[in-house]
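Residue numbers (the working numbering): 206 to 474.
Ideal Cβ positions, reconstructed from N, Cα and C, are used throughout, including at glycine.
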């Protein structure tokens, strides 16, 4: 995030890709999973849209923060240590999430579906057990009140000031939300499908996504650590942010498509 491109078009594309990647965050997957499961029996129509509602609430906070920071951009400069602190915290969270989700896949019984593991969801507890659209959106908004989301929104706003005022910050925040909305919305629909059939194919599909989420989290954490510790890696990766972002989204999306195709297979007699 501290090396966003200076070209406006590239910045727009990268912001959308970052939003898609953020939607695949393990905490998002785990919470949308919990909200969907809770509503699957009593309100199945609402269950399919839990991911979309969660993302709308989350994105609303991102836009509000981006607007606020852009308004203060002329009076406040980001400390030099802010980017380093953010990178360290992000790497720590990614290692924890990757390890927890890998452990969840390995510990799951053969007859159990693997449920994504998140850190924020554990703190919110029963707030995931809500059955009103506004409350589901509120859960998404509460998830945005974290260092990673706040720092991303702040960087969007400060980067946008290079091209103009608050309007540019709003555009970036909106694109981030749209990317996140796409992945979170599809994820909610997919989880609802898994719950509806809950057969052997669904068990395999849940393991596919669990391993991919774990692997990507650990891979990104390792790459972030390498950039911090090795000037050569940092120089090599400079200017390749858009390529890396697309690569991550493609990897996750392909695994997601594979898992969805598995759930479309007919149930064996």
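Determine the burial state of residue 448: buried for a count of at least 16 other Cβ atoms within 10 Å of its Cβ, exposed for fewer. Numbered from its first residue, the chain shown carries residue 448 at position 243. Counting C-beta atoms within 10 angstroms of its own C-beta, residue 448 has fewer than 16 neighbours from the protein chains shown and is therefore classed as exposed.
For residue 357, count the other beta carbons within 10 Å of its own beta carbon; 16 or more makes it buried, fewer makes it exposed. Which is it? Start at 1 with the first residue of the chain shown, and residue 357 comes out as number 152. So residue 357 counts as buried.
Leaving out five residues before and five after residue 474 in sequence, what residues of the same chain have Cβ atoms less than 8 Å from its Cβ? Locating residue 474 in the chain shown gives position 269, counting from the first residue. Low confidence applies to residue 474: its pLDDT is 42, below 50, so where it sits in the model is not reliable, and the reading given next is rough at best. Within the same chain, residue 474 has no close Cβ partners at all.
CB-CB under 6 Å to residue 419, same chain, minus the five flanking residues each way: which ones, in chain order? The residue given as residue 419 occupies position 214 in the chain shown. Answer for residue 419: 303, 306, 307, listed in chain order.
Would you mind giving the Cβ-Cβ distance between residue 213 and residue 381, rounded to the nearest angstrom? I have them listed as a contact below 8 Å. Start at 1 with the first residue of the chain shown, and residue 213 comes out as number 8. Start at 1 with the first residue of the chain shown, and residue 381 comes out as number 176. No, residue 213 and residue 381 are not in contact; Cβ-Cβ is about 15 Å, not under 8 Å.
Roughly how many angstroms separate the alpha carbons of residue 350 and residue 217, rounded to a whole number? As a first step, residue 350 must be located in the chain shown, where it is residue number 145. As a first step, residue 217 must be located in the chain shown, where it is residue number 12. Taking the straight line from one Cα to the other gives about 23 Å.
Is the stretch 374–389 touching the stretch 261–268 in the sense that three or more CB pairs, one from each, lie closer than 8 Å? Touching, yes.
Continuous alpha helix (DSSP H) assignments of at least 4 residues falling wholly in the stretch 367–455: Taking 4 residues as the shortest admissible run, the stretch 367–455 contains the following complete alpha helix (DSSP H) segments, listed from N- to C-terminal end: 371–402, 405–434, 436–442.
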